[in-house]
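From first to last, the protein sequence lines stand for chains A and B.
Residue numbering for the first sequence follows numbering that gives the first Met the number 0, beginning at 0 and increasing consecutively.
Residue numbering for the second sequence follows numbering that gives the first Met the number 0, beginning at 0 and increasing consecutively.
The structure appears right after this line, and notes come after that.
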Amino acid sequence: MDEKEKNTGIKLEYEIIKDDFSRAGEASSNIKRVLRQLGIDSSVIRKTAIATYEAEINVVIHSEGGKMVVNIEPDKIEITAKDNGPGIKDIDQAMQKGFSTASQKVRELGFGAGMGLPNMKRSCDEFYIESEFGKGTTVKMIFKL
Amino acid sequence: MKEYWHSVDLEKEKCNGCTICLRRCPTEAIRIRDGKAKIIKERCIDCGECIRVCPYHAKKAFADDLSSIEKYKFKIALVSLPLYGQFKLNKDINRVFNCFYELGFDMVYDVAFAADIATSLQSDILKNNSTKPLIATLCPAIIRLIQIRFPSLIDHIINIESPMEIAARLAKEKASKEYCLNINDIGAFYMTQCPAKITSIKKPLGIKKSYVDGAIPIKSIYTKLIKIYDEVKKDDKIQQASGDGIGWARVGGQSFSLDMDKYLAVDGIENVINVLEEIELGKLNNIDFFEGYACVTGCVGGPLNVENPFVAKNRIRQLSQKYGKRSLEKEDVNKLIKDVDIEWTEEIEPLSILKLDQNIEKAIEKMELIEKIDKQLPGIDCGCCGAPNCHAMAEDVVKGTACLEDCIVMLRKKADK
Chain A
0 MDEKEKNTGI KLEYEIIKDD FSRAGEASSN IKRVLRQLGI DSSVIRKTAI ATYEAEINVV
60 IHSEGGKMVV NIEPDKIEIT AKDNGPGIKD IDQAMQKGFS TASQKVRELG FGAGMGLPNM
120 KRSCDEFYIE SEFGKGTTVK MIFKL
Chain B
0 MKEYWHSVDL EKEKCNGCTI CLRRCPTEAI RIRDGKAKII KERCIDCGEC IRVCPYHAKK
60 AFADDLSSIE KYKFKIALVS LPLYGQFKLN KDINRVFNCF YELGFDMVYD VAFAADIATS
120 LQSDILKNNS TKPLIATLCP AIIRLIQIRF PSLIDHIINI ESPMEIAARL AKEKASKEYC
180 LNINDIGAFY MTQCPAKITS IKKPLGIKKS YVDGAIPIKS IYTKLIKIYD EVKKDDKIQQ
240 ASGDGIGWAR VGGQSFSLDM DKYLAVDGIE NVINVLEEIE LGKLNNIDFF EGYACVTGCV
300 GGPLNVENPF VAKNRIRQLS QKYGKRSLEK EDVNKLIKDV DIEWTEEIEP LSILKLDQNI
360 EKAIEKMELI EKIDKQLPGI DCGCCGAPNC HAMAEDVVKG TACLEDCIVM LRKKADK
């Protein structure tokens, strides 16, 4: 039984492709469907969906592509979005509401308002960000159940 | 929780077990078992998509026929919004409404006029609102969809009654006063365009009991009306709606009547699902009002109508112009509704029918198993196993309602071994 308890978790992985706006949102709707089937409270589902969508969009817009990994356990959801660069120069600045490095083109599409990271942080219970300039960024979010 | 009842039903002998309805059902509520379609009742939202697409006309809606009005001493016909779009414009719609007397009704009430009242009430709600966007309640299938797939949007739903219910209450009140009748002796029948309306009468949401006593499909009375039309003698003034109220019959009509600027009007269940996904993500917080319809073109596209939805929609537009904008005075509205309830009394509850298990650890285990089986399945979504797609099949296997060998590709592999 003890060993089984350790294994009670499900792992979902999604590839996120650079600049592909048409597919952005696919991972978050998929995660939403899974959470609904697991019977997770709808307010948590909504928060998780918003945060994963923002993370997805960030990887699409700003990075060289990346991956989102979702671990669902009976007491928490852990989401990790890891991209392949270019990394963030100044994380404190990036966390400020309204700050964005998005190009004019991206802004015209309605993205790049500088609310992505703040929204992610606000939606989850624990938020971790690590970035190495020139290498890549990893965002980890935890939602308690 | 109330037991779920739905009005879409299957005529078994007509069904040949093809997979057309199976693939089109937006809530994956259909399975083919023993060569016949089977509706999983908890999942069905009565959108009527299967009725529309079935080439064998094997799907139908539980509805009333004209003889059922005889149970009541006093009979009211609630002439629905889409009815306006079913007749050529050279036919006088007020005369069409008078035909209902010949069918045995004692009173005929214009539901589009109740839409005028609803316009006035909704416009007040929209003025004092911070939840964005507010979601219109006209289409009951969309409300059920929200209960099942978008429970976090329940708070966005406007909690006032539909024009059908408002009309039923006003008509009954009028009848009981004018003819000194006991309310139980009055039967109000709605001329329905869709199965979702029938369900909202039998198992209403937001209220304990509907004031409507039955629903008669438009297509079952249409030819009778056409036949009577030339001979009808009575000429009561029944039509009393403005162009705004009539406009509610088509997608966009509510927003137009409310003079909305930032609104979305979406028709077709798949399109509605996509937009609700975006609303749930908070991507559409700049929109004030959302009206969504399961049927393409809105209520004139309901599967129990007769006319081509696009032709009917255009007629509604022309009639809206003909009857023009005429907002009701607030005082008049208040006077009209002073003795009737128009607000919901009951909470709309989320329906967690998609849940795999009450226990989250067990649910996670099942989910893992589903993902594992899904990977083994061919992923071609052919429907031959009786489930709408391979993922749904994997779910059925885990739930124990199907076995892997139902998949012909898997069976072939097994045989080859």
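For glycine and all other residues, C-beta sits at the position ideal for the given N, C-alpha and C.
Keep in mind the model is a prediction, meaning the values are calculated, not measured.
Review point. What did DSSP end up calling A/Thr47 once you bin it into helix, strand or coil?
Key: Here residue 47 of chain A refers to the residue found at position 48 when the first sequence is read from its first residue. Assignment of A/Thr47 by DSSP, reduced to helix, strand and coil, places it in the helix class.
Practice item. Look up A/Arg22 in the DSSP assignment and say whether it is helix, strand or coil. Key: Within the first sequence, residue 22 of chain A is the residue found at index 23, counting from 1. Coil at A/Arg22, not helix or strand.
Exercise for review: Pull up the DSSP beta-bridge partners for B/Asn181, would you.
Suggested key: Within the second sequence, residue 181 of chain B is the residue found at index 182, counting from 1. Paired residue(s): none; B/Asn181 is not in a bridge.
Check your understanding: So, are the CB atoms of B/Leu125 and B/Asp243 less than 8 angstroms apart?
Key -> As a working mapping, residue 125 of chain B is identified with position 126 in the second sequence. As a working mapping, residue 243 of chain B is identified with position 244 in the second sequence. No, the Cβ-Cβ distance between B/Leu125 and B/Asp243 is not below 8 angstroms.
Practice item. Determine, using beta carbons only, whether A/Arg35 comes closer than 8 angstroms to chain B. Key: To locate residue 35 of chain A, count along the first sequence from 1; it is residue 36. Yes, A/Arg35 lies at the interface with chain B (some Cβ there is under 8 angstroms from its Cβ).
Exercise for review: Work out the CA separation of A/Lys10 and B/Pro377 for me, nearest whole Å.
Suggested key: Numbered from 1 along the second sequence, position 378 holds the residue referred to as residue 377 of chain B. Numbered from 1 along the first sequence, position 11 holds the residue referred to as residue 10 of chain A. Going by C-alpha positions, B/Pro377 is about 22 angstroms away from A/Lys10.
Point to revise | Coil, strand or helix - B/Ser209 by DSSP | key: Here the question's residue 209 of chain B lines up with position 210 in the second sequence. Taken through DSSP and simplified to helix, strand or coil, B/Ser209 comes out as coil.
Point to revise | Three-state secondary structure (DSSP) of A/Glu163 | key: Residue 163 of chain A falls outside the range modelled here, since chain A spans only 0 to 144, and no answer is possible.
**Study point:** Test item: CB-CB of A/Gly8 and A/Gly86 under 8 angstroms
**Key:** Taking the first residue of the first sequence as 1, we reach residue 8 of chain A at position 9. Taking the first residue of the first sequence as 1, we reach residue 86 of chain A at position 87. The Cβ atoms of A/Gly8 and A/Gly86 do not sit closer than 8 angstroms to each other.
Review point. If you pair each beta-carbon of the region 15-22 of chain B with each one of the region 381-389 of chain B, do three or more pairs fall below 8 angstroms?
Key: Result yes; three or more Cβ-Cβ pairs closer than 8 angstroms.
Review point. Name the residues in the region 335-364 of chain B whose C-beta lies less than 8 angstroms from a C-beta of chain A; which are they?
Key: Answer in chain order: Pro349, Ser351, Leu353, Lys354, Leu355, Asp356, Gln357, Ile359, Glu360, Ala362, Ile363 and Glu364.
Check your understanding: On the three-pair Cβ rule with 8 angstroms, is the region 272-284 of chain B touching the region 183-194 of chain B?
Key -> The answer is no - the region 183-194 of chain B does not touch the region 272-284 of chain B, with fewer than three Cβ pairs under 8 angstroms.
Point to revise | Neighbouring residues, chain B, relative to A/Pro73 (Cβ below 8 angstroms) | key: Here the question's residue 73 of chain A lines up with position 74 in the first sequence. Going along chain B in sequence order, the residues near A/Pro73 (Cβ under 8 angstroms) are Ile359, Glu360 and Ile363.
Exercise for review: For A/Gly135, decide whether its Cβ has a neighbour in chain B, counting only Cβ atoms nearer than 8 angstroms.
Suggested key: Counting from one through the first sequence, the residue named residue 135 of chain A turns up at place 136. No, its Cβ sits nowhere closer than 8 angstroms to a Cβ of chain B.
Review point. Hey, does A/Ile141 have any beta-carbon neighbour from chain B nearer than 8 angstroms?
Key: Mapped onto the first sequence, residue 141 of chain A falls at position 142. By this cut-off, A/Ile141 is not an interface position.
Review point. Quick one, which residues of the region 123-152 of chain B are near chain A if we go by CB-CB under 7 angstroms, in chain order?
Key: For the region 123-152 of chain B, the residues whose beta carbon sits under 7 angstroms from a beta carbon of chain A are, in order, Pro150 and Ser151.
Point to revise | Run of the alpha helix (DSSP H) containing B/Ala264, from where it starts to where it stops | key: Taking the first residue of the second sequence as 1, we reach residue 264 of chain B at position 265. Annotation: B/Ala264 is outside any alpha helix (DSSP H); the continuous beta strand (DSSP E) that includes it extends over Tyr262 to Asp266.
Review point. Under 8 angstroms between C-beta atoms, does B/Leu280 make it to chain A?
Key: For the purposes of this step, residue 280 of chain B is taken as residue 281 along the second sequence, with counting starting at 1. So yes, B/Leu280 belongs to the interface.
Review point. Between B/Glu306 and B/Leu88, what straight-line distance do the alpha-carbon atoms span, to the nearest angstrom?
Key: Position 307 of the second sequence, counted from the first residue, corresponds to residue 306 of chain B. Position 89 of the second sequence, counted from the first residue, corresponds to residue 88 of chain B. Cα to Cα, the separation comes out at about 13 angstroms.
**Study point:** Neighbourhood of B/Val52 by C-beta distance below 7 angstroms, restricted to the same chain and skipping five residues each side
**Key:** Residue 52 of chain B sits at position 53 when you count from the first residue of the second sequence. Listed in chain order, the non-local C-beta contacts of B/Val52 below 7 angstroms within the same chain comprise Ile19, Cys20 and Arg23, local neighbours out to five positions each way being set aside.
Review point. So what's B/Lys354 in DSSP terms, helix, strand or just coil?
Key: Your numbering for residue 354 of chain B matches position 355 in the second sequence. Note: B/Lys354 maps to coil in three-state DSSP.
Point to revise | Simplified DSSP assignment, three categories, for A/Gly115 | key: Within the first sequence, residue 115 of chain A is the residue found at index 116, counting from 1. Three-state DSSP puts A/Gly115 in a helix.
Exercise for review: Give, in chain order, every unbroken run of the alpha helix (DSSP H) that is at least 4 residues long and sits entirely within the region 22-82 of chain B.
Suggested key: Counting whole runs of 4 or more residues, the region 22-82 of chain B contains the alpha helix (DSSP H) stretches 48-52.
Practice item. Would you mind listing the alpha helix (DSSP H) stretches within the region 88-176 of chain B that are 4+ residues and don't spill past its ends, in chain order? Key: Runs of the alpha helix (DSSP H) spanning 4 or more residues and lying entirely within the region 88-176 of chain B occur at 92-101, 110-126 and 139-148, in chain order.
Check your understanding: Under a Cβ-count criterion, where at least 16 other Cβ atoms within 10 Å of its own Cβ denotes burial, should B/Gly323 be classed as buried or exposed?
Key -> Counting from one through the second sequence, the residue named residue 323 of chain B turns up at place 324. Counting other Cβ atoms within 10 Å of its Cβ, B/Gly323 stays below 16 and is therefore classed as exposed.
Practice item. Over the uninterrupted alpha helix (DSSP H) stretch that includes B/Thr222, give me the two end residues. Key: The count along the second sequence starts at 1 and reaches residue 222 of chain B at position 223. Start and end: Ile217 to Tyr228.
Exercise for review: Could you tell me if B/Phe99 is buried or exposed, where buried requires 16 or more neighbouring beta carbons within 10 angstroms of its beta carbon?
Suggested key: Along the second sequence, one-based indexing puts residue 99 of chain B at 100. Flag for B/Phe99 reads buried.
Check your understanding: What residues from the region 365-385 of chain B come within 9 angstroms of chain A, judged by C-beta to C-beta, listed N to C?
Key -> From the region 365-385 of chain B, only Lys365, Met366, Glu367, Ile369 and Glu370 have a Cβ closer than 9 angstroms to chain A.
Review point. So is B/Glu101 in contact with chain A if we call contact Cβ pairs under 8 angstroms?
Key: Walking along the second sequence from the start, residue 101 of chain B turns up at place 102. No, its Cβ sits nowhere closer than 8 angstroms to a Cβ of chain A.
Check your understanding: Between B/Thr27 and chain A, is there a C-beta pair that is closer than 8 angstroms?
Key -> Taking the first residue of the second sequence as 1, we reach residue 27 of chain B at position 28. Correcting the residue identity first, residue 27 of chain B is Glu in this sequence and not Thr. Chain A contact via Cβ: absent.
Review point. Do we get a CB-CB distance below 8 angstroms when we pair A/Tyr127 with the residues of chain B?
Key: For the purposes of this step, residue 127 of chain A is identified with residue 128 of the first sequence, where counting begins at 1. A/Tyr127 is outside the set of residues whose beta carbon lies under 8 angstroms from a beta carbon in chain B.
Check your understanding: Residues bridged to B/Ala214 by DSSP?
Key -> The count along the second sequence starts at 1 and reaches residue 214 of chain B at position 215. Beta bridge pairing from DSSP links B/Ala214 with B/Tyr189.
Exercise for review: For B/Asp405, collect the residues of the same chain with a Cβ closer than 7 angstroms to its Cβ; drop the 5 residues on either side in sequence, then sort them by chain order.
Suggested key: Taking the first residue of the second sequence as 1, we reach residue 405 of chain B at position 406. Excluding residues within five positions, the ones whose Cβ falls inside 7 angstroms are Cys384 and Gly385.
Practice item. List the residues of chain A that B/Glu276 touches, going by C-beta distances under 7 angstroms, in chain order. Key: For the purposes of this step, residue 276 of chain B is identified with residue 277 of the second sequence, where counting begins at 1. Within chain A, the residues placing a beta-carbon under 7 angstroms from that of B/Glu276 are Ser28, ordered along the chain.
Review point. Closest Cβ-Cβ distance between A/Ser41 and chain B: below 8 angstroms?
Key: Start at 1 with the first residue of the first sequence, and residue 41 of chain A comes out as number 42. Yes - at least one Cβ of chain B is within 8 angstroms of the one on A/Ser41.
Check your understanding: Does any residue of chain B bring its CB to less than 8 angstroms from the CB of A/Met0?
Key -> Numbered from 1 along the first sequence, position 1 holds the residue referred to as residue 0 of chain A. At A/Met0, the pLDDT of 40 sits below 50, so the modelled position is not reliable and the matter cannot be decided from this model.
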